[in-house]
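Novice: Here it is, the structure, as C-alpha cells.
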Amino acid sequence: MRKGYFGNFGGQFVPELLVPPLAELERAMQDIMDQQEFKKDLEQVFAEFVGRPTPISRCANLSRDLGFDLWLKREDLAHTGAHKINNTVGQALLARHMGKACLLAETGAGQHGVATATAAAALGLKCIVFMGAVDVKRQSHNVRRMELLGARVEAVESGTRTLKDAINAALRYWIAHQQDTHYCLGSAVGPHPFPLLVRKLQSVIGEEAREQFTRQTGKLPDIVVACVGGGSNAIGVFHPFTGDKGVRLVGVEAGGQGTPDCHHSATLSKGSYGVLHGTHTYLLQTSDGQIMPSHSVAPGLDYPGVGPEHAYLKDSGRAEYQVIYDDQALEAFYLLCRREGIIPALESSHALAWVLVNKDGIKPGSVVLVNLSGRGDKDLDIVREVESQKH
468 MRKGYFGNFG GQFVPELLVP PLAELERAMQ DIMDQQEFKK DLEQVFAEFV
518 GRPTPISRCA NLSRDLGFDL WLKREDLAHT GAHKINNTVG QALLARHMGK
568 ACLLAETGAG QHGVATATAA AALGLKCIVF MGAVDVKRQS HNVRRMELLG
618 ARVEAVESGT RTLKDAINAA LRYWIAHQQD THYCLGSAVG PHPFPLLVRK
668 LQSVIGEEAR EQFTRQTGKL PDIVVACVGG GSNAIGVFHP FTGDKGVRLV
718 GVEAGGQGTP DCHHSATLSK GSYGVLHGTH TYLLQTSDGQ IMPSHSVAPG
768 LDYPGVGPEH AYLKDSGRAE YQVIYDDQAL EAFYLLCRRE GIIPALESSH
818 ALAWVLVNKD GIKPGSVVLV NLSGRGDKDL DIVREVESQK H
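Numbers 468 to 858, taken from the numbering used here, label the letters of the sequence shown in order.
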C-alpha cells in the first residue's frame, strides 16, 4: 500500500505551506509514539484521567426483546462523555513532546472541542477552537464548557457555518501559526498523517472490546456497529477486528430527514470520489465538483466527507455502510433511555437504530456490539426543538 494511502484513498492534497507541519508531525509520530516513555505516559493518562478501560455492557432488557445479545462499548463513560478524549489526550501528549505550546481544533457537535480543551488544560497547553456559527448556537452548552476549560472559541460565519467551514478556518490558522501550534484534528479525516494518527489513538476502543469479549464471553461479537460521520469512533472500534473475517463490520451514516432532495451526510452510501480537506475519499458533491451542504440531526455526523480508510473498507468489501434517518435515530434514542437507563448521543443513536431497523435479519442468539460513542446530555436542546416542531 502506498505511503499515506488506504488503497486508492488518502494522500496529502494540501497547499505548499502545509507540507512542513505535516512532515514534522509524521516525523514526530515515527520518533516519539513508539518510544516506551511515550507509551507509558499515554497508558497512565488513559487510566488515570480518561478512565480507561471503558466497560462493555449487555443490554438485558433490549436483548430479551430482540432475541439476540446486544452489547454496548461504553465510550459515553470516558471523561468528557465521548470517545473524542482518546484522540485529544494522545495528540496533546504528542504536541508537548514536540515542544508545541498551543492546541488548535475544530468541532461540530462540540465534543471534540470540549475534549481538546480538556486535554490542553490537563497538559498545560493553550487552546483555540473553531466552530461553525450554526453549531455554536446548537451546542451552546458545550461552548460554555470549552470556555470554562480555558479555550478560546472562534465562531465561523462563512459557508454553511458548520463543521466543514470550521475545518477550513482551522487549517488557515495553522498555516499562520505552525511554529508553536499543533492542529489537533478531531476525526480520521484530512491529509496524511492525520487519518493514521487518529486511528492509532482511537484503536484502543476496539482493542479493549476485543479483549473484553474474549474474556467475558469466550468469543468475539458477530456484528460490530458504529456511526460514521468523519469516522473516528468507527475506525477505532473496527480496526482491531478487520482481521477477524467472521465479524461483520457495519458503519451507519446519517440520512437526514429522508425526504426527496433533503440534505444528508451519507457520503459513502450516496457520494462519489473527490478531494476534500487534503484527502481523496468519498464526498457529497455536485457533478462539477462543488461540495454540497450536509445535514444530520446529530451535529457530529454533519460532514460532507469521510475518513479515507472507511472509503477503502467500503470498496474492498470488508465493511458495509448503510443509512439511518433522523426519525429512526430519535426512536432509538428514546428506546435506550427508557429500556436501559442510558441517554445516548444522537450520533450513537444512529448505530443503535440500525440494529433495531434490521433486527429481523439478525439470527437469534447472535451477539451484536454497538459502539456507544458518546452520551446524549449535549443533545437535549436538539431533542426538545425537534419535539416542539411536531406539536
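Quick reminder that beta carbons are idealized off the backbone N, C-alpha and C, glycines included.
(1) Can you grab the Cα-Cα spacing for the pair residue 622 / residue 577, in whole Å?
(2) In three-state DSSP terms, what is residue 536?
(3) Looking at residue 724 and residue 770, is the spacing between their C-beta atoms short of 8 Å?
(4) Using DSSP bridges, identify the partner residues of residue 841.
(5) DSSP three-state call for residue 624: helix, strand or coil?
(6) Strictly by DSSP, which residues pair up with residue 804?
(7) Taking 8 Å as the limit between beta carbons, can you name the residues of its chain near residue 637, skipping five residues before and five after?
(8) Which of the three DSSP states is assigned to residue 640 in this structure?
(9) Given this structure, state the Cα-to-Cα distance separating residue 512 from residue 485, to the nearest angstrom.
(10) Within the chosen definition, does the region 757 to 768 reach the region 720 to 739 through at least 3 CB pairs nearer than 8 Å?
(11) Keeping to the same chain, check which residues put their C-beta closer than 7 Å to that of residue 426; ignore five residues upstream and five downstream.
(12) Counting only the same chain and skipping the five closest in sequence on each side, list residues whose C-beta sits under 6 Å from that of residue 780.
(13) Keeping to the same chain, check which residues put their C-beta closer than 7 Å to that of residue 733; ignore five residues upstream and five downstream.
(14) Do residue 849 and residue 605 have their beta-carbon atoms positioned less than 8 Å apart in this structure?
(15) Figure out for me which residue from 634, 692, 784, 480 has the closest Cα to the Cα of residue 822.
(16) Among 525, 796, 541, which has the Cα closest to the Cα of residue 519?
(17) Check whether the Cβ atoms of residue 730 and residue 634 lie closer than 8 Å to each other.
(18) Helix, strand or coil, according to DSSP, for residue 583 in the structure here?
(19) If you follow the alpha helix (DSSP H) that residue 511 is in, where does it begin and where does it stop?
(20) Count Cβ pairs between the region 835 to 846 and the region 743 to 758 that sit closer than 8 Å; are there 3 or more?
(21) Determine, using beta-carbon pairs with one atom in the region 525 to 545 and one in the region 793 to 800, whether at least three such pairs fall under 8 Å.
(22) For residue 767, count neighbouring C-beta atoms within 10 Å of its own C-beta (all shown protein chains included) and say buried if the count is 16 or more, exposed if not.
(23) Taking the straight line between their C-alpha atoms, what separation do you get for residue 564 and residue 773?
(24) Could you tell me the alpha carbon to alpha carbon distance between residue 504 and residue 510, rounded to whole angstroms?
(25) Please list the terminal residues of the continuous beta strand (DSSP E) segment that includes residue 523.
(26) If I measure Cβ to Cβ from residue 614 and keep anything under 7 Å in the same chain, skipping five residues before and after, which residues do I get?
(27) Under 8 Å, with one C-beta from each stretch per pair, do the region 551 to 563 and the region 578 to 586 reach the 3-pair mark?
(28) Measure the alpha-carbon distance for residue 657 versus residue 479 and round it to whole angstroms.
(29) To which residues does DSSP link residue 791 through a beta bridge?
Specialist: On the basis of the coordinates in this document:
(1) The residue you call residue 622 lines up with position 155 of the sequence shown. The residue you call residue 577 lines up with position 110 of the sequence shown. Their backbone Cα atoms lie some 12 Å apart in a straight line.
(2) Mapped onto the sequence shown, residue 536 falls at position 69. Strand, per DSSP.
(3) Here residue 770 is taken as the residue at index 303 of the sequence shown, counted from 1. Here residue 724 is taken as the residue at index 257 of the sequence shown, counted from 1. In this structure, residue 724 does not lie closer than 8 Å to residue 770 by Cβ.
(4) Taking the sequence shown and counting its residues from 1, one reaches residue 841 at position 374. In DSSP, residue 841 forms a bridge with 549.
(5) Here residue 624 refers to the residue found at position 157 of the sequence shown. DSSP places residue 624 in coil when its eight states are reduced to three.
(6) Looking up residue 804 in the sequence shown gives position 337. Bridge partners of residue 804: none, in fact.
(7) On the sequence shown, position 170 is the one that residue 637 refers to. The residues are 571, 572, 573, 597, 650.
(8) As a first step, residue 640 must be located in the sequence shown, where it is residue number 173. Helix at residue 640.
(9) Translated into the one-based positions of the sequence shown, residue 512 becomes position 45. Translated into the one-based positions of the sequence shown, residue 485 becomes position 18. Approximately 30 Å, taken between the alpha carbons.
(10) yes
(11) The question about residue 426 has no answer here: the residues shown for the chain are numbered 468 through 858.
(12) Residue numbering aside, residue 780 sits at position 313 when the sequence shown is read from its first letter. So the qualifying residues of the chain are 786.
(13) Counting from one through the sequence shown, the residue named residue 733 turns up at place 266. These residues qualify, in order along the chain: 720, 721, 722, 790.
(14) Taking the first residue of the sequence shown as 1, we reach residue 605 at position 138. Taking the first residue of the sequence shown as 1, we reach residue 849 at position 382. A contact, by the Cβ cut-off of 8 Å.
(15) On the sequence shown, position 355 is the one that residue 822 refers to. The shortest Cα separation from residue 822 among 634, 692, 784, 480 belongs to 692.
(16) Position 52 of the sequence shown, counting from 1, holds the residue named residue 519. Measuring from the Cα of residue 519, the nearest candidate turns out to be 541.
(17) Here the question's residue 730 lines up with position 263 in the sequence shown. Here the question's residue 634 lines up with position 167 in the sequence shown. It is not a contact, given that the beta carbons lie outside the stated cut-off.
(18) To locate residue 583, count along the sequence shown from 1; it is residue 116. In the structure shown, residue 583 sits in a helix (DSSP, three-state: H, G or I).
(19) Counted from its first residue, the sequence shown places residue 511 at position 44. Element bounds for residue 511: 503 to 512.
(20) no
(21) no
(22) Within the sequence shown, the letter at position 300 stands for residue 767. With 16 or more other Cβ atoms within 10 Å, it is buried.
(23) One-based indexing of the sequence shown puts residue 564 at position 97. One-based indexing of the sequence shown puts residue 773 at position 306. Their Cα atoms are separated by approximately 29 Å.
(24) Along the sequence shown, one-based indexing puts residue 504 at 37. Along the sequence shown, one-based indexing puts residue 510 at 43. Each residue's alpha carbon lies about 10 Å from the other.
(25) Mapped onto the sequence shown, residue 523 falls at position 56. Its beta strand (DSSP E) spans residues 523 to 525.
(26) Residue 614 sits at position 147 when you count from the first residue of the sequence shown. Closer than 7 Å at Cβ, skipping near neighbours: 620.
(27) yes
(28) Numbered from its first residue, the sequence shown carries residue 657 at position 190. Numbered from its first residue, the sequence shown carries residue 479 at position 12. Approximately 8 Å between the Cα atoms of the pair.
(29) Here residue 791 corresponds to residue number 324 of the sequence shown, with the count starting at 1. Note: residue 791 sits in a beta bridge opposite 721.
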